[in-house]
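At position 6 of the sequence shown the residue is numbered 6 (my numbering), and the sequence of numbers has no breaks. No residue lacks a Cβ here, since even glycine has one placed at the ideal position from N, Cα and C.
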Amino acid sequence: GIFLTFSLSPALVSLATFGTYSFILNKRLTAATAFTSLSLFNILTFPLGAMPMMARFFMEARVAKDRLQAFFLAPEVAARPPPPPKAKVEVMLRASHLKWPDG
């Protein structure tokens, strides 16, 4: 899937360019034009191969930007209420020894 896209991108661009030049524009493809074009496509092999990966990176960056934007624009969370000033003692234990029932 993804490896095939990376490896075939330069060949598909070359094929599409030569097909457009020959069939759609109705121009004759000479050896000089073909070899010059192939030389330029060879120079562009890495950028063309990396293009699908860069598209995925840009989509992931957009999703991250949207999530961060939603977080930063969210309303403030209310602060925690302060503890009571001085709680009175409700339960007081007076024992010198406490022990769990199972031990």
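Can you round the beta-carbon distance between P10 and T45 to whole angstroms, since I take them to be within the 8 Å contact cut?
5 Å
By the 10 Å Cβ neighbour count, where 16 or more other Cβ atoms means buried, how is S22 classified, buried or exposed?
exposed
Counting pairs of Cβ atoms below 8 Å between the segment 46–54 and the segment 69–86, do you hit three or more?
no
Would you check if the distance between the CB atom of F41 and the CB atom of V13 is smaller than 8 Å?
yes
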